[in-house]
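Some notes on the structure that comes next.
Number of protein chains: 2
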Amino acid sequence: MQLDERKYLILQAIIDDYIMTAMPVGSRTISRKSGVGYSPATIRNEMSDLEELGYLDQPHTSAGRVPSNKAYRLYVDHLMKTVKLTSDERERMHEHLLSKSKQVEGVIRSAAGVLSDATKYTSVIVAPKLGTLRIKHVQLVPVAERTALMVIVTNAGIVKDAIIRVPEGMDADDLYAISRMLTQKLADKPLEAVRQAFSELLRNAEYNRRLLGETLSVIEQRLESGPDASDVIVGGPGNMLEYPEYSDVNKARSFLAVLESKDTLRRLVNRDGGMEITIRIGPENQVPELNDCSIVTASYRVGDHSNGTLGIIGPTRMNYNRVISVLDFMGRALSDVLSEYR
Amino acid sequence: MQLDERKYLILQAIIDDYIMTAMPVGSRTISRKSGVGYSPATIRNEMSDLEELGYLDQPHTSAGRVPSNKAYRLYVDHLMKTVKLTSDERERMHEHLLSKSKQVEGVIRSAAGVLSDATKYTSVIVAPKLGTLRIKHVQLVPVAERTALMVIVTNAGIVKDAIIRVPEGMDADDLYAISRMLTQKLADKPLEAVRQAFSELLRNAEYNRRLLGETLSVIEQRLESGPDASDVIVGGPGNMLEYPEYSDVNKARSFLAVLESKDTLRRLVNRDGGMEITIRIGPENQVPELNDCSIVTASYRVGDHSNGTLGIIGPTRMNYNRVISVLDFMGRALSDVLSEYR
DNA sequence: CGTTAGCACTCGACTCCTTTGAGTGCTAAC
DNA sequence: GTTAGCACTCAAAGGAGTCGAGTGCTAACG
Chain A
1 MQLDERKYLI LQAIIDDYIM TAMPVGSRTI SRKSGVGYSP ATIRNEMSDL EELGYLDQPH
61 TSAGRVPSNK AYRLYVDHLM KTVKLTSDER ERMHEHLLSK SKQVEGVIRS AAGVLSDATK
121 YTSVIVAPKL GTLRIKHVQL VPVAERTALM VIVTNAGIVK DAIIRVPEGM DADDLYAISR
181 MLTQKLADKP LEAVRQAFSE LLRNAEYNRR LLGETLSVIE QRLESGPDAS DVIVGGPGNM
241 LEYPEYSDVN KARSFLAVLE SKDTLRRLVN RDGGMEITIR IGPENQVPEL NDCSIVTASY
301 RVGDHSNGTL GIIGPTRMNY NRVISVLDFM GRALSDVLSE YR
Chain B
343 MQLDERKYLI LQAIIDDYIM TAMPVGSRTI SRKSGVGYSP ATIRNEMSDL EELGYLDQPH
403 TSAGRVPSNK AYRLYVDHLM KTVKLTSDER ERMHEHLLSK SKQVEGVIRS AAGVLSDATK
463 YTSVIVAPKL GTLRIKHVQL VPVAERTALM VIVTNAGIVK DAIIRVPEGM DADDLYAISR
523 MLTQKLADKP LEAVRQAFSE LLRNAEYNRR LLGETLSVIE QRLESGPDAS DVIVGGPGNM
583 LEYPEYSDVN KARSFLAVLE SKDTLRRLVN RDGGMEITIR IGPENQVPEL NDCSIVTASY
643 RVGDHSNGTL GIIGPTRMNY NRVISVLDFM GRALSDVLSE YR
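Protein sequences, first through last, are from chains A and B. Note that our numbering numbers the first sequence so that position 57 is 57, with each residue one more than the last. In our numbering, each residue carries its 1-based index in the second sequence increased by 342.
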């Protein structure tokens, strides 16, 4: 059996309706819709076919039909017609984004806010992979005897810091000099190339080996541990509770638990391909707790080689259309705003 | 009518039981408890008195009694006997706290995690008021033509950054020189004294007035806006859903909404007095959404003059005892760990 | 006189039953 | 091929009955 024109039409109508209402859709409802000129009985026959083909599920015999994950896949791949955001809306989002543009973290944070507000779902933004960022500046700041704070400013203005031990007897001026030297040697190198640059420095006996060694190991630790909690920002975690899918507290709880585990979240949202928009529906995202969630992600650019990810987590029956438009727009906007800092 | 010994005993027994079960407590339950040698009938009489005095509420005639907010107040003020944490537990918490001690924000973040894990409630940690922190280091890092990132390292290693515009034609070396000068002039001054220090600098015509003006205004903006989102860290937001008080999704939602508004949260948790532990029960915290929550806060010290706050939000029937022990311990631990950075 | 046993009463929680209505599948007629 | 008609299904909503934890009151007890 194949999908003909009419089956597409009906499936689309069902999905559209279900996305709005979250209630099983009956044949009468579809029949009444404008653009569908068939009686409920005909619709029923088609629905029966669609169910057999795996596009519809029936919660129980006397309920309407519900789109299956297969149906959503078909929908996002072929059926969906993308709608543009109104320029008014773009305006508002852009403005909101700029309101905190004085601080870099603020921009990302408000981006998460804008995303979750605009979609009413939960948003996740992941900072670019640390290793791909380029170093702008390295500064060792004395904070106590034998202790210094190492501050690394990367392009995109993302600041990383870590405490390091320094050898006895180094004063602020020594650290200042070393900072300056490090900045010169490392500037514009991606973080992952740091080890190499360091080994070169270490061959040069003129610098303090112990301090450099410590510094290097701290940077490497940071690199290995990957993006940490502060690099995964969640917006509107509570939005999800608005939907009947999560009217059960237990479901809500396990959903929130996933959001708290930044590690899982990062893995979930980080995307394989360099595609514009990635959509993962239900079980496709491999996390049992999120079996009836879909995750839509896009990426934003920082500098020439670094990509961060922004994504929306919502129920599988989410408004893909709108989510995609919003993500697409915000991806560009975020790239723009962050590029200004370069 | 006055509270005699027996009434205290019974009230305490009721509160203890209700804290554990969240179910209205009946006279039989209390009578069976060890330490109370009275029959249910006697207990009932006393309960009736306690209700009249406003210490107990009755959800409906045929249910048991529930402690009122007034009862909790009495409990925390007079009835409660504090229990010590086991040294094993202290050990574990301290260890967990140190695991991320390489990064300052990491410490605060894991502190929030430890707090919420140890208490099973929601934790909030607020960084010290910006103005009271002392400047350790100021660095202007060029990020683009006419744009620089200003990084301010304060004591306690807390790093603040902001984008500023710089006049045309300044290169990295110029910024380096200015950074060095600024660091020298501002070091160890609290942030709130910066305006004064700047006006002195500005009188000196030798420095670039426009740049200094811009820098000052950015710092002032930061100061005025108060601690921002990244300075309010929430741990275990989902923990609250474990309790029957929040088995209603709507309540859960409005609770989560409060957690999202970092501003309200900060106001809520920031304490008036310099008291060791502050407890606000139910309506005492002035936020309608949190009418049946209690907030317990303690403070941690950063440097000599700055105080941050750590707090627990839980249902009014929370285990005050344990919460207080945990907060007390963590307050000290946090002060210790952060003081090491000085 | 304080304490307690006894008893009637209350009321939410639970179970069981019925009704309702939205929806289906099938068949026969158009 | 499409549709009207009809019997059938089943969750949801409403109502009656039962249960049981708990109360308040009264009278008796030490």
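Here a beta-carbon is modelled for each residue, glycine too, at the ideal position from N, C-alpha and C.
Check                                                                                                               : Outcome
CA-to-CA distance, D419/B to N155/A, given in whole angstroms                                                       : 54 Å
Test: K478/B CB closer than 7 Å to a CB of chain A                                                                  : yes
Secondary structure of G650/B, DSSP reduced to three states                                                         : strand
Alpha helix (DSSP H) segments (min. 4 residues) lying fully within the region 231-316 of chain A                    : 249-260 and 262-269
Minimum Cβ-Cβ distance from V644/B to chain A less than 7 Å                                                         : no
First through last residue of the beta strand (DSSP E) which encompasses T424/B                                     : Where T424/B is concerned, there is no enclosing beta strand (DSSP E), given that its DSSP letter is neither H nor E.
Member of R552/B, V600/B and Y585/B whose CA lies at the smallest distance from the CA of V574/B                    : V600/B
The region 374-390 of chain B contacting the region 418-436 of chain B, beta-carbon criterion three pairs below 8 Å : no
Exposure of G169/A, with buried meaning 16 or more beta-carbon neighbours within 10 Å                               : exposed
Nonlocal neighbours in the same chain, by C-beta distance under 8 Å from D161/A, ignoring five residues either side : L149, M150, V151 and I152
Contained beta strand (DSSP E) runs [length at least 3] in the region 481-543 of chain B, N- to C-terminal order    : 489-496 and 501-507
Where D678/B falls: helix, strand or coil (DSSP)                                                                    : helix
Buried/exposed call for K442/B, threshold 16 Cβ in 10 Å                                                             : buried
Near-chain B residues of the region 87-105 of chain A - C-beta to any C-beta below 9 Å                              : K100, S101, K102, Q103, V104 and E105
Where the alpha helix (DSSP H) through S27/A begins and ends                                                        : S27 to R32
Beta-carbon spacing of L186/A, I135/A below 7 Å                                                                     : yes
Where the region 245-272 of chain A meets chain B: residues whose CB sits under 9 Å from a CB there                 : Y246, S247, D248, V249, N250, A252, R253, S254, F255, L256, A257, L259 and E260
Same chain, Cβ closer than 8 Å to T489/B, neighbours up to 5 away in sequence not counted                           : I505, I506, R507 and V508
Contacting residues, own chain, Cβ-Cβ under 7 Å from G331/A (five flanking each side not counted)                   : A298, S299, Y300 and L310
Cα-Cα separation between S681/B and H436/B, rounded to whole angstroms                                              : 15 Å
H479/B (DSSP reduced to helix, strand or coil)                                                                      : strand
Enclosing beta strand (DSSP E) for S343/A [first to last residue]                                                   : As displayed, chain A neither begins before 1 nor continues past 342, which places residue 343/A out of reach and without an answer.
Buried versus exposed, by CB contacts within 10 Å (16 or more), L544/B                                              : exposed
Among N285/A, G314/A, K102/A and E52/A, nearest to T557/B - alpha-carbon criterion                                  : K102/A
Minimum Cβ-Cβ distance from Q139/A to chain B less than 7 Å                                                         : yes
Coil, strand or helix - V408/B by DSSP                                                                              : strand
Which of helix, strand or coil DSSP assigns to D391/B                                                               : helix
Enclosing alpha helix (DSSP H) for Q354/B [first to last residue]                                                   : E347 to T363
Assumed close pair I654/B, V644/B - CB separation to whole angstroms, cut-off 8 Å                                   : Going by Cβ atoms, the distance from I654/B to V644/B rounds to 20 Å, so no, they are not a contact pair.
C-beta atoms of L707/B and G238/A nearer than 7 Å                                                                   : With chain B running from 343 to 684 in the structure shown, residue 707/B is simply not present.
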